[in-house]
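Going line by line, the protein sequences match chains A and B.
In terms of the numbering used here, the numbers along the first sequence are unbroken and rise by one, the last being 443.
In terms of the numbering used here, the numbers along the second sequence are unbroken and rise by one, the last being 78.
Here a beta-carbon is modelled for each residue, glycine too, at the ideal position from N, C-alpha and C.
Everything numeric in this text was worked out from a predicted model, so none of it was measured.
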Amino acid sequence: MNIFRLAGDMTHLASVLVLLLKIHTIKSCAGVSLKTQELYAIVFATRYLDIFTSFYSIYNTLMKLIFLGSSFSIVWYMRYHKTVRRTYDREQDTFRHWFLVLPCLLLALLIHEKFTFLEVLWTFSLYLEAVAILPQLVLLQRTRNIDNLTGQYVFLLGGYRGFYILNWIYRYLTEPHFVHWITWIAGLVQTLLYADFFYYYFQSWKNNKKLQLPA
Amino acid sequence: CLQESLKDEL
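Shown next as structure tokens:
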């Protein structure tokens, strides 16, 4: 464990807590994409399949349970909670996210480090996580009025993978043979997808005006 | 076992 990875995990945890806080306290999920939340639930479900077979540390297992629990409970809130589900703007959240799942699955079947069931699903979760934010970014472009909590959620979510890239650089420099192109490229693509959001987020923060994404 | 080294990440 290094400081970059810890910072990444804490940023990721913060993003999830910000979203849960928003949904649980104000009982609203306006501006949040259910499609992205469903993709993230699939990402965690396919990435943490080894939670029962391999144990690394209390921290590792605890964080996996938190990420699994929070992503599925967010999906539950947005789909079934009587108050929250009414605030979900399903007309705007129309990204066909299943069109992201299939290519990622095919890609994982083609490009992976080991052709085993767990490894292919783990690689699938990497590819899917890289694009999971797309429905949310599309929704933000459409709704344009981004409330602070949703903006912070996306910002933190984008930042965590950026810290992970620093973590991979650190591990490459300190651990011999630590080379994982698949993870690195997927992580880089994921962070780049946030690039324009980051740009407008900093602009709005610097000029102290409301975050507006260009149509 | 090197591959496992990545699996301890979240």
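Distance check for residue 255 of chain A and residue 313 of chain A, CA to CA, integer angstroms please.
The count along the first sequence starts at 1 and reaches residue 313 of chain A at position 85. The count along the first sequence starts at 1 and reaches residue 255 of chain A at position 27. One C-alpha to the other measures close to 9 angstroms.
In its own chain, which residues sit with a C-beta less than 7 angstroms from the C-beta of residue 360 of chain A, not counting the 5 before and 5 after it?
One-based indexing of the first sequence puts residue 360 of chain A at position 132. Here residue 360 of chain A has 264, 267, 268 and 271 as same chain residues with Cβ atoms under 7 angstroms from its own Cβ, once five neighbours each way along the sequence are excluded.
Among A:396, A:411, A:333 and A:365, nearest to residue 231 of chain A - alpha-carbon criterion:
Along the first sequence, one-based indexing puts residue 231 of chain A at 3. Nearest C-alpha to residue 231 of chain A: A:396.
Quick one: give me the first and last residue of the alpha helix (DSSP H) that residue 407 of chain A is part of.
In the first sequence, residue 407 of chain A corresponds to position 179, counting from 1. Counting along the chain, residue 407 of chain A falls outside any alpha helix (DSSP H), and DSSP gives it neither H nor E.
Let me make sure I understand the geometry here. Which of A:282, A:298 and A:288 has the alpha-carbon closest to that of residue 250 of chain A?
As a first step, residue 250 of chain A is located in the first sequence; it is residue number 22 there, counting from the start. Considering only alpha carbons, the answer is A:298.
Reduced DSSP secondary structure (H/G/I, E/B, other) of residue 452 of chain A
The structure shown does not extend to residue 452 of chain A, since chain A spans only 229 to 443, so no value can be given for it.
Cβ closer than 8 angstroms: which chain B residues qualify as neighbours of residue 233 of chain A?
Within the first sequence, the letter at position 5 stands for residue 233 of chain A. Within 8 angstroms Cβ-Cβ: 77.
If the criterion is Cβ atoms closer than 8 angstroms, does the pair residue 328 of chain A and residue 362 of chain A meet it?
The residue labelled residue 328 of chain A in the question sits at position 100 within the first sequence. The residue labelled residue 362 of chain A in the question sits at position 134 within the first sequence. Cβ distance < 8 angstroms, so residue 328 of chain A and residue 362 of chain A count as in contact.
Assign residue 407 of chain A to one of two classes, buried (16 or more other C-beta atoms within 10 Å of its C-beta) or exposed (fewer than that).
Here residue 407 of chain A is taken as the residue at index 179 of the first sequence, counted from 1. The residue in question, residue 407 of chain A, is exposed, as its Cβ has fewer than 16 Cβ neighbours within 10 Å.
Taking its Cβ as the centre, do 16 or more other Cβ atoms sit within 10 Å of residue 306 of chain A, making it buried, or is it exposed?
As a first step, residue 306 of chain A is located in the first sequence; it is residue number 78 there, counting from the start. Burial call: buried.
Near residue 346 of chain A, which residues of its chain fall below 7 angstroms by C-beta distance, leaving aside the five closest residues on each side in sequence?
Start at 1 with the first residue of the first sequence, and residue 346 of chain A comes out as number 118. Correct list, in chain order: 277 and 278.
Would residue 353 of chain A be called buried (16 or more neighbouring beta carbons within 10 Å of its own) or exposed?
Translated into positions along the first sequence, residue 353 of chain A becomes position 125. With 16 or more other Cβ atoms within 10 Å, it is buried.
Under the criterion of a Cβ to heavy atom distance below 7 angstroms, does residue 431 of chain A qualify as lining the ligand ATP?
For the ligand ATP, the structure offers nothing, since it holds no ligand at all.
Please classify residue 286 of chain A as buried or exposed, where buried requires at least 16 neighbouring CB atoms within 10 angstroms.
What you label residue 286 of chain A is simply residue 58 of the first sequence in a count that begins at 1. So residue 286 of chain A counts as exposed.
Integer-rounded CB distance, given that residue 308 of chain A should sit under 8 angstroms from residue 257 of chain A
Looking up residue 257 of chain A in the first sequence gives position 29. Looking up residue 308 of chain A in the first sequence gives position 80. Going by Cβ atoms, the distance from residue 257 of chain A to residue 308 of chain A rounds to 12 angstroms, so no, they are not a contact pair.
Measure the alpha-carbon distance for residue 431 of chain A versus residue 234 of chain A and round it to whole angstroms.
In the first sequence, residue 431 of chain A corresponds to position 203, counting from 1. In the first sequence, residue 234 of chain A corresponds to position 6, counting from 1. So the alpha carbons of these two residues sit roughly 27 angstroms apart.
With DSSP collapsed to three states, give me the class of residue 373 of chain A.
Here the question's residue 373 of chain A lines up with position 145 in the first sequence. Here residue 373 of chain A sits in coil by DSSP.
Run the CB neighbour count on residue 419 of chain A, radius 10 Å, all protein chains shown included, and call it buried at 16 or more, exposed below.
Here residue 419 of chain A is taken as the residue at index 191 of the first sequence, counted from 1. Residue 419 of chain A is buried by the Cβ-count criterion.
Is the shortest distance between the beta-carbon of residue 190 of chain A and the beta-carbons of chain B less than 8 angstroms?
Nothing can be reported for residue 190 of chain A, as the shown portion of chain A is limited to 229 through 443.
Quick one: which chain B residues come within Cβ less than 7 angstroms of residue 284 of chain A?
By 1-based counting over the first sequence, the position of residue 284 of chain A is 56. Residues of chain B passing the Cβ test: 76.
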